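Numbering (my numbering), first residue to last: 743 to 1034.
What follows is the structure in structure tokens.
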């Protein structure tokens, strides 16, 4: 059963859809290999249980998109999840008064033949660093009626402005470690943001935050990734769902939908309410616990 999932960017994503319990875990079968060697009978029991569930591979969607799909979120046209309009109010504390996009900090690594994106989880951004860089952006772009803001996490940034395009672009987490290959259509869709994107890279190049990062042998925050256009429809009644997740970004998206409970995995297994496990960076111990 495992081999069929490796066709998608060398990832094996298992989605278990059950009336009361959903599991979204990347590479779960590879992570369970130590259990197979240590306790083959227990591993076989787990395989038997998940064999009764509906399962599907979704290697082109990240964990957040799968979680929101399972929660019933819908958008027309289909947009990468979560759109900025969903998480903005929870992050900033007010509803957006104009069009908003995500402008998340990233590291772009260039070599002679390609440009590779790395998400903020590789950058160890502090709130102070985020505020300093966002302050530099607002010093430059305030006269263009553009406002950059930081969410509760220093890894979540927004850009707000009436003239922003309805940009439908993939999330940075779905591109992490991937080569960027923008086509003409995506460049046209960015409009003036294409120029701003280039200007930001120049602005960040010798910013003191990045000079300090280089001195600490940390990757520089040398760009942002614009994405998160579009709107989404959220069903009612999600407040009774309990979610266990290892990622604050996933929880922010779930809470923005009205999900009421974030619990530890051990507590979730004992829950009788509708429940979901969504892991972005699972380890062997966590997946081992799923088998209990």
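Every residue gets a Cβ at the ideal spot worked out from N, C-alpha and C, and that includes glycine. Model, not experiment: these values are computed from the prediction.
By how many angstroms is the C-alpha of residue j removed from the C-alpha of residue i?
{"i": "residue 811", "j": "residue 765", "result": "12 Å"}
{"i": "residue 910", "j": "residue 934", "result": "15 Å"}
{"i": "residue 840", "j": "residue 973", "result": "13 Å"}
{"i": "residue 956", "j": "residue 877", "result": "20 Å"}
{"i": "residue 1018", "j": "residue 1000", "result": "14 Å"}
{"i": "residue 785", "j": "residue 1021", "result": "20 Å"}
{"i": "residue 989", "j": "residue 904", "result": "31 Å"}
{"i": "residue 835", "j": "residue 875", "result": "21 Å"}
{"i": "residue 826", "j": "residue 899", "result": "10 Å"}
{"i": "residue 807", "j": "residue 885", "result": "35 Å"}
{"i": "residue 912", "j": "residue 978", "result": "26 Å"}
{"i": "residue 951", "j": "residue 901", "result": "20 Å"}
{"i": "residue 984", "j": "residue 947", "result": "43 Å"}
{"i": "residue 942", "j": "residue 964", "result": "8 Å"}
{"i": "residue 980", "j": "residue 931", "result": "34 Å"}
{"i": "residue 954", "j": "residue 778", "result": "45 Å"}
{"i": "residue 959", "j": "residue 897", "result": "19 Å"}
{"i": "residue 969", "j": "residue 780", "result": "44 Å"}
{"i": "residue 883", "j": "residue 830", "result": "20 Å"}
{"i": "residue 775", "j": "residue 987", "result": "22 Å"}
{"i": "residue 996", "j": "residue 809", "result": "8 Å"}
{"i": "residue 873", "j": "residue 982", "result": "35 Å"}
{"i": "residue 861", "j": "residue 907", "result": "23 Å"}
Given a threshold of 16 other Cβ atoms within 10 Å of its Cβ, counted over all protein chains shown, does residue i qualify as buried or as exposed?
{"i": "residue 944", "result": "exposed"}
{"i": "residue 848", "result": "buried"}
{"i": "residue 846", "result": "buried"}
{"i": "residue 821", "result": "buried"}
{"i": "residue 855", "result": "exposed"}
{"i": "residue 869", "result": "exposed"}
{"i": "residue 880", "result": "exposed"}
{"i": "residue 814", "result": "exposed"}
{"i": "residue 833", "result": "buried"}
{"i": "residue 940", "result": "exposed"}
{"i": "residue 783", "result": "exposed"}
{"i": "residue 1006", "result": "exposed"}
{"i": "residue 887", "result": "exposed"}
{"i": "residue 971", "result": "buried"}
With a threshold of 6 Å, establish whether the CB of residue i neighbours any heavy atom of the ligand FMN.
{"i": "residue 832", "result": "This structure simply doesn't include the ligand FMN, nor any ligand for that matter."}
Reducing DSSP to helix, strand and coil, say where residue i ends up.
{"i": "residue 1018", "result": "strand"}
{"i": "residue 950", "result": "helix"}
{"i": "residue 863", "result": "helix"}
{"i": "residue 831", "result": "helix"}
{"i": "residue 956", "result": "helix"}
{"i": "residue 837", "result": "coil"}
{"i": "residue 908", "result": "coil"}
{"i": "residue 790", "result": "helix"}
{"i": "residue 913", "result": "coil"}
{"i": "residue 934", "result": "coil"}
{"i": "residue 809", "result": "helix"}
What residues match up with residue i in a beta bridge as DSSP calls it?
{"i": "residue 899", "result": "892"}
{"i": "residue 921", "result": "858"}
{"i": "residue 780", "result": "Answer is none; residue 780 lacks a bridge partner."}
{"i": "residue 816", "result": "975"}
{"i": "residue 1003", "result": "984"}
Between residue i and chain D, is any beta-carbon pair separated by less than 7 Å?
{"i": "residue 852", "result": "Any reference to chain D falls outside this structure, which holds one protein chain only."}
Worksheet item: Which whole runs of the beta strand (DSSP E) in the stretch 963–996 are 3 residues long or more, in chain order?
Response: 965–969, 984–987
Item to complete: At 3 residues or longer, and completely inside the stretch 839–892: list those beta strand (DSSP E) runs for me, N to C.
Response: 842–853, 856–860, 889–892
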